[in-house]
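A.B. asks:
In UniProt numbering, the protein residues as written are 1 to 68.
(1) Can you tell me the Cα-Cα spacing of residue 39 and residue 57, whole angstroms?
(2) Are the beta-carbon atoms belonging to residue 19 and residue 63 less than 8 Å from one another?
(3) Tell me the DSSP secondary structure of residue 28 in three-state form.
(4) Between 7, 2, 51 and 61, which has its C-alpha nearest residue 32's C-alpha?
(5) Tell me the residue span of the alpha helix (DSSP H) that contains residue 53.
(6) Three-state secondary structure (DSSP) at residue 21?
(7) How would you label residue 22, buried or exposed, when you count the other beta carbons within 10 angstroms and need 16 or more for buried?
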């Protein structure tokens, strides 16, 4: 198992959290996504380390920006 934490900007509500969660969950190998709306932190658990570019693309597909 691998865990990585990212910061996403622009999320303001539960719908935002759902959108980001749904997009990131579609990445192959992802086993869990935990989004903290207050801090913008997104913790992704996966079978193997993920390519950050794939996470960035998923977050952008949801309509938000990955800031770290």
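All C-beta atoms in this analysis are idealised placements derived from N, C-alpha and C, irrespective of residue type, glycine included. It should be emphasised that the depicted structure is a prediction, and the values quoted were computed from it without experimental measurement.
C.D. replies: Reading it off the structure:
(1) 20 Å
(2) yes
(3) coil
(4) 2
(5) 52 to 61
(6) Three-state DSSP puts residue 21 in a helix.
(7) Classification of residue 22: exposed, given that the 10 Å Cβ count is below 16.
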